[in-house]
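First the structure, in the form of structure tokens, and then the observations on it.
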Amino acid sequence: MIDIVTGRSKSAQFFINLVPKNFRLIFNPNRRCIEKFIEKSAKKMEKGAKILDAGAGPCPYKKLFSHCDYEATDFIDKYKILDFTCQLDNIPKKKDTYDAILCTEVLEHVEYPQKVVNELYRILKKNGKLFLTVPQAWMIHQEPYNFYYFTKYGLASLLKNAGFKEYKIIPKGGYFWFLADAIRFNEIAQQYKKYPLIYYPLKILSFPFTSIIFPFILFYLDFLDKEKKWTMGYVVEAKK
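Residue numbers (my numbering): 27 to 266.
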């Protein structure tokens, strides 16, 4: 099974995890952008701050907020680790509950993203922070619950309509990181997975190029793209 975040099978990811993290993330620019953004965001939070991880899944960032009063929610508790379950457009919390909300790679999977952003705004305290990440360009995944991808203009509209007055929308790299991330998934090989005699030779022959050589070269070329219109997505910090 391929993990949509890492782009690897579980067995391949085990060996990749043996490589030092900072070097490993060069080959996964999307994951690099997200993790660095969340690490910086966590450091901004004071000890004891009340945090909600909205759409938390397996709670991969819980440790980063160990100094905070961390809660996690999603629509289903698949991993049996959430504090409560709910739909994100109807969160069972009073207004002005949280100092910050983390919502990462979630909005593309909700049918009515404006309702969700409105709800996140409602439960934030005054001056509370929303830390948000979304894709702009990605493969269709987690079907059929893959409804939208977002431009910076769409994000600005969602935030303004919810009531946010201050926000920063930062692209997750440019054209070359976008290419590296697309190549990394080796989508052509995946389409032949039902045919082992084609799939395995194709996967083995292409692996050095799709997973190592091309991503490494493209990572260091991204500075050439000044406009960042071809981007994997955005990280957002918004203040209520």
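All residues carry an ideal CB built from backbone N, CA and C; glycine is no exception.
All values reported here derive from a predicted model rather than from experimental measurement.
As a beta-bridge residue in DSSP terms, threonine 99 pairs with Ala80, Phe110. Here the alpha carbons of valine 262 and phenylalanine 242 stand approximately 26 Å from one another.
For valine 142, the enclosing alpha helix (DSSP H) begins and ends at 139-149. Secondary structure at alanine 163: coil, using DSSP grouped into helix, strand and coil.
With fewer than 16 other Cβ atoms from the protein chains shown falling within 10 Å of its own Cβ, asparagine 187 counts as exposed. Apart from sequence neighbours up to five positions away, the residues of its chain that approach tyrosine 124 with a beta-carbon distance below 7 Å are Lys76, Ile77, Leu78, Ile149, Leu150, Lys151, Gly154, ordered along the chain.
With fewer than 16 other beta carbons inside 10 angstroms of its own, isoleucine 239 counts as exposed.
By the neighbour-count definition (other C-beta atoms within 10 Å, threshold 16), threonine 111 is an exposed residue.
Less than 9 Å divides the Cβ of leucine 114 from the Cβ of cysteine 129. Glycine 180 is not a Cβ neighbour of threonine 257, given a cutoff of 9 Å.
By the 16-neighbour rule on beta-carbons within 10 angstroms, aspartate 207 is buried. Looking at Phe157, Glu134, Tyr87, the one whose alpha-carbon comes closest to that of threonine 177 is Glu134.
Distance from the CA of lysine 191 to the CA of glutamate 169, rounded to the nearest whole angstrom, comes to 34 Å. Taken through DSSP and simplified to helix, strand or coil, lysine 152 comes out as strand. Pairing lysine 104 with leucine 223, the inter-Cα distance amounts to about 35 Å. When the five nearest sequence neighbours on each side are left out, the beta carbons in the same chain lying within less than 6 Å of the beta carbon of lysine 254 are those of Pro197, Gly200, in order along the chain.
Separation of phenylalanine 211 and threonine 236 (C-alpha to C-alpha, rounded to the nearest whole angstrom) is 8 Å. Rounded to whole angstroms, the separation of the alpha carbons of glycine 259 and leucine 185 is 16 Å. Under the three-state reduction of DSSP, tyrosine 225 is assigned to helix. For the options Lys70, Lys106, Phe157, the alpha carbon positioned closest to that of cysteine 85 is the one of Lys106. Per DSSP, the unbroken beta strand (DSSP E) holding tyrosine 193 starts and ends at 192-197.
Distances from the CA of threonine 159 to each of Asn56, Ser183, Lys266 were compared; the closest alpha carbon is that of Asn56. Straight through space, the alpha carbons of tyrosine 193 and alanine 126 are spaced by roughly 14 Å. In this chain, tyrosine 124 is not harboured by any alpha helix (DSSP H); it is covered by the beta strand (DSSP E) spanning 124-130.
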